[in-house]
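As structure tokens, the structure follows; a few thoughts come after it.
Residue numbers (this note's numbering): 592 to 869.
This is how it looks when you write it as structure tokens:
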């Protein structure tokens with residue numbers, strides 16, 4: 592047993608002393624979705640700080656606990672407050688929650704975030720289905736000894752984001768009257784916002800939106816054979832695209848403003864995923 596797998600197993604064993612609940616879907620809440628619990632029937636809560644050797648989120652607006660319960664009739668494990676690389680954690684810490692959710696039983700991971708818009712056709716407040724990603728600007732979460740119990744040494748990343756799940760989100764948005772974009776997401780380390788020259792570079796290599804999370808989680812999930820989908824809220828236009836100075840407070844404000852629609856999109860999509868719709 593690898594050191595990393597042993598750590599995940601200890602976290603799992605603690606959680607199983609709290610609950611025998613088996614989730615089907617994992618949901619990681621980004622900025623603006625901190626109040627998502629009201630859309631759930633919560634069976635139990637597990638604060639990160641209670642789990643042995645588990646990282647704790649330190650970012651304003653990111654609570655630190657798992658919510659286990661039902662979204663409609665769908666058993667879910669919701670991460671209320673993610674851990675970021677820029678907080679000083681090693682990448683294996685950042686993706687530990689995803690690996691724990693896999694051990695708890697999830698088959699699908701739904702990622703959400705607030706992101707900066709690079710595509711000039713986007714507007715502040717848009718939603719974007721992530722169709723692909725660029726994670727070359729942060730370390731891979733798979734560096735180091737491979738966790739054979741989760742996946743192979745050199746996993747394929749041809750289709751990180753499941754096309755069927757993308758179609759469900761797209762169709763749900765249309766049915767709910769929610770306009771939605773599609774695009775490629777690039778993850779940077781943060782915590783500083785990017786420079787205008789960096790944004791020009793990201794645009795040149797095909798990125799439509801930029802953020803400081805998500806891509807590493809998606810890689811870890813695919814390594815563990817979890818189906819992945821993701822939606823960004825374009826909470827600001829990136830540096831150089833926008834002439835205004837960027838601030839986290841403004842990002843949070845836009846994400847909060849779109850929270851109700853974001854919650855509705857996520858909830859309705861998850862219900863359709865559970866029903867096995869294509």
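Even for Gly, the Cβ is constructed at its ideal location relative to N, Cα and C. Since the structure is predicted, the reported quantities are computational estimates derived from the model, not experimental observations.
Pairing residue 614 with residue 697 gives a Cβ-Cβ distance under 7 Å. Per the Cβ contact rule, the segment 722 to 730 is in contact with the segment 743 to 752 (3 or more Cβ pairs under 8 Å). Put simply, of 691, 842, 708 the residue whose alpha carbon is nearest the alpha carbon of residue 599 is 691. With respect to the 7 Å criterion, residue 795 and residue 778 are not classified as neighbours on the basis of their beta carbons.
By the CB criterion at 7 Å, residue 768 and residue 800 fall outside the cutoff. Contact check for residue 604 against residue 686 fails: the beta carbons are separated by 7 Å or more. The DSSP assignment places 656 to 662, 665 to 671 as complete runs of the beta strand (DSSP E) inside the segment 655 to 680, in order along the chain (cut-off: 3 residues). The closest CA to that of residue 852, considering only 771, 675, 664, 608, is found on 771. Three or more beta-carbon pairs separated by less than 8 Å are not found between the segment 786 to 793 and the segment 664 to 677, which leaves the two stretches without contact. Membership of residue 718 in the beta strand (DSSP E) is indicated by the continuous run 718 to 725. When 601, 609, 602, 659 are compared, the shortest CA-CA separation from residue 627 is found for 659. Taking 7 Å as the cut-off, the beta carbon of residue 710 is found no closer than this to the beta carbon of residue 621. In this structure residue 733 is buried. Its beta-carbon is surrounded by 16 or more other beta-carbon atoms within 10 angstroms. In this chain, the alpha helix (DSSP H) harbouring residue 754 covers 754 to 766. Distances from the alpha-carbon of residue 864 to those of 630, 667, 608 put 667 closest. Under DSSP, no beta-bridge partner is assigned to residue 790. DSSP places residue 638 outside any alpha helix (DSSP H); the residue lies instead in the beta strand (DSSP E), whose first and last residues are 632 to 638.
Taken through DSSP and simplified to helix, strand or coil, residue 773 comes out as strand. Annotation: the continuous alpha helix (DSSP H) that includes residue 840 extends over 839 to 848. Of the candidates 845, 847, 719, 642, 642 places its Cα closest to the Cα of residue 684. The criterion of a C-beta distance shorter than 7 Å is satisfied by residue 616 and residue 699. Between the alpha carbons of residue 858 and residue 655 lies a distance of about 21 Å. Going by DSSP, residue 598 is part of the alpha helix (DSSP H) stretching over 594 to 609.
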